[in-house]
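Under my numbering, the final residue of the sequence shown carries the number 326; numbering is consecutive throughout. Quick reminder that beta carbons are idealized off the backbone N, C-alpha and C, glycines included. Because the structure is a prediction, the values reported are computed rather than measured.
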Amino acid sequence: MTQSFLRISGEEPVPERLRGSVVAIGNFDGIHRGHQAVLERALEEAQRRGVAALVLTFEPHPRKVFRPDVPLFVLTPPPVKARLIEALGFAGVVETPFTREFAGLSAEDFVTSILEQRLGISHVVTGFDFHFGKNRQGGPAFLMAAGERHGFGVTLVDAFRDEGTEIISSSRIRELLSRGEAAEAAGLLGYRYTVEAEVFGGAQLGRTLGFPTANMRLSSESGLKEGIYAVRFRRADGTLFDGVASFGRRPTVGDNLAPLLETFVFDFAGDLYGEIASVSLFGYLRGEVKFEGLDALVVQMKQDEAEARALLQGVRPLSELDQAIAF
Numbered sequence: 000m001t002q003s004f005l006r007i008s009g010e011e012p013v014p015e016r017l018r019g020s021v022v023a024i025g026n027f028d029g030i031h032r033g034h035q036a037v038l039e040r041a042l043e044e045a046q047r048r049g050v051a052a053l054v055l056t057f058e059p060h061p062r063k064v065f066r067p068d069v070p071l072f073v074l075t076p077p078p079v080k081a082r083l084i085e086a087l088g089f090a091g092v093v094e095t096p097f098t099r100e101f102a103g104l105s106a107e108d109f110v111t112s113i114l115e116q117r118l119g120i121s122h123v124v125t126g127f128d129f130h131f132g133k134n135r136q137g138g139p140a141f142l143m144a145a146g147e148r149h150g151f152g153v154t155l156v157d158a159f160r161d162e163g164t165e166i167i168s169s170s171r172i173r174e175l176l177s178r179g180e181a182a183e184a185a186g187l188l189g190y191r192y193t194v195e196a197e198v199f200g201g202a203q204l205g206r207t208l209g210f211p212t213a214n215m216r217l218s219s220e221s222g223l224k225e226g227i228y229a230v231r232f233r234r235a236d237g238t239l240f241d242g243v244a245s246f247g248r249r250p251t252v253g254d255n256l257a258p259l260l261e262t263f264v265f266d267f268a269g270d271l272y273g274e275i276a277s278v279s280l281f282g283y284l285r286g287e288v289k290f291e292g293l294d295a296l297v298v299q300m301k302q303d304e305a306e307a308r309a310l311l312q313g314v315r316p317l318s319e320l321d322q323a324i325a326f
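The structure is reproduced here in structure tokens:
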């Protein structure tokens with residue numbers, strides 16, 4: 000991230016230079032094209048007013064607080080979400096802790112304590128169906144009236160529909176990724192789905208077979224379909240490599256580990272351990288298969304490499320955001 004972009008978490012104060020900003024409010028899990036319609040409207044309003052643009056979001060996702068027993072496939076954990084928000088051109092993101100106590104704030108208290116006192120906003124932009132405050136008592140009409148009382152403007156953005164006139168939603172994207180439909184998910188996201196984690200040392204079986212891998216643990220709640228993907232791998236310093244990645248439990252080896260993302264990074268030699276890297280998914284090649292032995296596995300891995308190289312050779316950015324994340 001650039002030095003000027005700020006991730007403001009917990010009770011950290013908002014710098015004076017960012018008070019009076021235009022603020023986009025929402026969970027924004029996925030930063031998909033529907034979210035981008037809201038975010039781009041906020042950027043336009045900020046430019047028109049000559050002020051900074053911020054995003055106000057909530058961590059963890061409210062569903063994890065209200066339904067902690069139900070796993071939730073979070074598309075964009077805070078670091079990835081922040082990187083996407085920065086790439087869009089915002090000055091910062093305010094990650095407000097979402098707790099049961101916070102959820103119990105009245106709608107008026109939310110406006111007074113968060114929007115007015117903490118952020119000092121000049122204008123708010125949000126989706127047409129945004130609700131807030133205890134029992135979701137604050138809706139669009141309340142927000143418009145609150146803006147008049149407290150002296151800030153309000154813009155409500157209609158639902159964004161895809162080329163088939165369906166509303167784009169995080170749940171649709173989760174479902175696509177759970178089926179391995181990475182290319183279709185990218186069409187709704189507007190960029191290639193990307194994960195981020197620390198690279199750690201594994202058993203080094205891949206190195207023994209001639210396919211050394213960068214191993215990354217994803218969330219245990221990840222709903223990504225297990226299998227083999229054509230990917231782009233970005234190092235901590237920003238350098239980018241094509242690769243092929245396996246997400247799953249390695250049935251041929253039979254170690255029954257928790258699912259790992261293991262990326263064979265093409266045309267790279269070096270040590271990646273300890274780096275925070277990101278992997279962007281460009282295409283699903285096949286599901287996991289249990290082979291009769293390592294020789295058969297190596298033959299298939301060579302085929303996977305050739306297929307991934309061919310797929311990645313012709314890819315083009317889907318958008319400026321995709322260009323910033325995966326190219």
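On a CA-only basis, which of Glu287, Arg315, Glu225, Ala90 is nearest leucine 42? Give me that one, please.
Here residue 42 is taken as the residue at index 43 of the sequence shown, counted from 1. Residue Ala90 is the option with its Cα nearest to leucine 42.
Which two residues bound the contiguous beta strand (DSSP E) that contains alanine 52?
Here residue 52 refers to the residue found at position 53 when the sequence shown is read from its first residue. From DSSP, the beta strand (DSSP E) with alanine 52 extends over 52–58.
In terms of residue numbering, what span does the alpha helix (DSSP H) encompassing glutamate 174 cover?
Along the sequence shown, read from residue 1 onward, the residue named residue 174 stands at position 175. From DSSP, the alpha helix (DSSP H) with glutamate 174 extends over 169–177.
Inspect the CB distances between the stretch 104–112 and the stretch 75–91 and report whether three or more fall short of 8 Å.
no
Does the stretch 12–21 come within contact of the stretch 56–69, defined as at least 3 CB pairs closer than 8 Å?
no
Considering only the alpha carbon of each residue, which of Leu104, Gly19, Arg160 lies closest to glycine 137?
For the purposes of this step, residue 137 is taken as the residue at position 138 of the sequence shown. That would be Leu104, whose Cα lies nearest to the Cα of glycine 137.
Alanine 305 classed as buried or exposed, judged by whether at least 16 other C-beta atoms fall within 10 angstroms
Residue numbering aside, residue 305 sits at position 306 when the sequence shown is read from its first letter. With fewer than 16 other Cβ atoms within 10 Å, it is exposed.
For alanine 276, which three-state DSSP category applies?
Translated into positions along the sequence shown, residue 276 becomes position 277. Here alanine 276 sits in strand by DSSP.
May I ask which residues mark the beginning and end of the beta strand (DSSP E) holding valine 230?
In the sequence shown, residue 230 corresponds to position 231, counting from 1. It spans 226–233 - the beta strand (DSSP E) in which valine 230 sits, taken as one unbroken run.
When Arg173, Glu174, Phe159 are compared against isoleucine 167, the one with the closest alpha-carbon
Counted from its first residue, the sequence shown places residue 167 at position 168. Measuring from the Cα of isoleucine 167, the nearest candidate turns out to be Phe159.
Closest Cα partner of serine 277 within the set Ser177, Leu217, Gln312, Gly126:
Start at 1 with the first residue of the sequence shown, and residue 277 comes out as number 278. For serine 277, the nearest C-alpha among the options comes from Leu217.
Please state if the CB of glutamate 274 and the CB of asparagine 214 are separated by a distance shorter than 8 Å.
By one-based count along the sequence shown, residue 214 stands at place 215. By one-based count along the sequence shown, residue 274 stands at place 275. Cβ distance not < 8 Å, so asparagine 214 and glutamate 274 don't count as in contact.
Where glutamine 299 and valine 288 are concerned, what is the direct C-alpha to C-alpha distance, given to the nearest angstrom?
For the purposes of this step, residue 299 is taken as residue 300 along the sequence shown, with counting starting at 1. For the purposes of this step, residue 288 is taken as residue 289 along the sequence shown, with counting starting at 1. Whole-angstrom Cα-Cα distance: 10 Å.
Among Leu142, Val123, Arg178, His122, whose alpha-carbon lies nearest the alpha-carbon of histidine 130?
In the sequence shown, counting from the first residue as 1, residue 130 sits at position 131. Comparing Cα positions, the closest option is Leu142.
Compute the Euclidean distance between the alpha carbons of arginine 285 and tyrosine 228, then round it to the nearest angstrom.
The residue you call residue 285 lines up with position 286 of the sequence shown. The residue you call residue 228 lines up with position 229 of the sequence shown. Distance between the alpha carbons of arginine 285 and tyrosine 228 is about 7 Å.
Based on DSSP bridge pairs, tell me the residues matched to isoleucine 30.
As a first step, residue 30 must be located in the sequence shown, where it is residue number 31. Beta-bridge pairing links isoleucine 30 to no other residue.
Under 7 Å Cβ to Cβ from proline 96, same chain only, skipping five residues before and after it: list those, please.
Within the sequence shown, residue 96 is the residue found at index 97, counting from 1. Around proline 96: Gly9, Glu58.
Considering only the alpha carbon of each residue, which of Ala81, Glu85, Val243, Phe101 lies closest to threonine 335?
Nothing about residue 335 can be read from this structure; the chain reaches only from 0 to 326.
Using C-beta distances below 7 Å, list every residue in its chain close to arginine 40, excluding the 5 sequence neighbours before and after it, in chain order.
Translated into positions along the sequence shown, residue 40 becomes position 41. Once the five neighbours on either side are set aside, the close Cβ partners of arginine 40 are Val124, Thr154, Val156.
Among Ala140, Tyr192, Val50, which residue has its Cα nearest to the Cα of aspartate 28?
On the sequence shown, residue 28 is found 29 positions in, with the first residue counted as 1. The candidate whose alpha carbon is nearest that of aspartate 28 is Tyr192.
Taking C-beta to C-beta, are arginine 48 and valine 21 nearer than 8 Å?
Along the sequence shown, one-based indexing puts residue 48 at 49. Along the sequence shown, one-based indexing puts residue 21 at 22. It is a contact, given that the beta carbons lie within the stated cut-off.
Does the distance from the C-beta atom of valine 194 to that of tyrosine 272 stay below 8 Å?
As a working note, residue 194 is residue 195 in the sequence shown. As a working note, residue 272 is residue 273 in the sequence shown. Not closer than 8 Å, so no.
Going straight from the alpha carbon of alanine 196 to that of arginine 148, what length do you get?
Here residue 196 refers to the residue found at position 197 when the sequence shown is read from its first residue. Here residue 148 refers to the residue found at position 149 when the sequence shown is read from its first residue. Distance between the alpha carbons of alanine 196 and arginine 148 is about 44 Å.
Using 10 angstroms around the beta-carbon of glutamine 322, count the other beta-carbons present and answer buried if the total reaches 16, otherwise exposed.
As a working mapping, residue 322 is identified with position 323 in the sequence shown. Exposed: under 16 other Cβ atoms inside 10 Å.
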